[in-house]
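Down below is the structure, laid out as structure tokens.
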Amino acid sequence: MVAQQDVYTRPIKDIMNRDVVTINAAGTIHEALILMEENRVSTLPVVDNDDHCVGILSTSDLVDMTRDVDDDVYELDHADPASQRFLVEKLIHSMGSESVQSFMSETVSTVDSKATIIKAVRRMLKDQIHHLPVLDENGRLVGIVSTMDILGEFADASSE
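Under the UniProt record's numbering, the first residue of the sequence shown is numbered 1, with each subsequent residue one higher.
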């Protein structure tokens, strides 16, 4: 366990997820949906051929896409597994061949792997995001950290 004070000064690389599921900007929405479903993730960093993070595709981006598909689909309970499966199938059918680049958020908040946990927290709060790609000194994606990763770290530190 880590002392509470240490949580503020620890580098984000200590708690980030190094096994990042990504998609290339040239990938399709169909490929992205399958990756999200198979890996049970809600956010995919979008990378170029050199592993530089060029965007983010999240479930909220996909939910916003449903407005273009069908108003009834937008009203579904997106937390319900049956609704999620229906939504995925509808999106694959209607937009599956579209490129990820067309729907990703191009403005990406990132953090350096040497940054402190508290710096990452401040960035996430400022930008109102739940996932933060972590980059190495060359700007390449080396990990991702979520609000749940950070909350877990604070909970562990406070239970000592």
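The beta carbon of each residue, even a glycine, is placed where N, CA and C say it ideally should be.
All values derive from a computational prediction rather than experimental measurement.
Item checked: Separation of Ala157 from Ser109, as counted between CA atoms -> For the purposes of this step, residue 109 is taken as residue 109 along the sequence shown, with counting starting at 1. For the purposes of this step, residue 157 is taken as residue 157 along the sequence shown, with counting starting at 1. Going by the C-alpha atoms only, they are around 26 Å apart.
Notebook entry, point to check: Would you call the segment 20 to 35 and the segment 105 to 124 touching, i.e. three or more CB-CB distances under 8 Å?
Noted result: no
Next item on the list: Count the other CB atoms, across all protein chains shown, that sit within 10 Å of the CB of Leu57; report buried if there are 16 or more and exposed otherwise.
Entry: In the sequence shown, residue 57 corresponds to position 57, counting from 1. By the neighbour-count rule (16 or more Cβ atoms within 10 Å), Leu57 is buried.
Notebook entry, point to check: What's the C-alpha gap between Thr9 and Glu89?
Noted result: The sequence position of residue 9 within the sequence shown is 9, counting from 1. The sequence position of residue 89 within the sequence shown is 89, counting from 1. Whole-angstrom Cα-Cα distance: 44 Å.
Checklist line | Terminal residues of the alpha helix (DSSP H) in which His30 lies | finding: One-based indexing of the sequence shown puts residue 30 at position 30. Per DSSP, His30 belongs to the alpha helix (DSSP H) from 29 to 39.
Checklist line | First and last residue of the uninterrupted beta strand (DSSP E) at residue 161 | finding: The structure shown does not extend to residue 161, since the chain spans only 1 to 160, so no value can be given for it.
Checklist line | Unbroken alpha helix (DSSP H) run spanning Ser102, endpoints | finding: In the sequence shown, counting from the first residue as 1, residue 102 sits at position 102. Unbroken alpha helix (DSSP H) run through Ser102: 100 to 103.
Margin query: Suppose you measure from the CA of Glu153 to the CA of Val7; what does that come to, to the nearest Å?
Written below: One-based indexing of the sequence shown puts residue 153 at position 153. One-based indexing of the sequence shown puts residue 7 at position 7. Roughly 7 Å separates the two Cα atoms.
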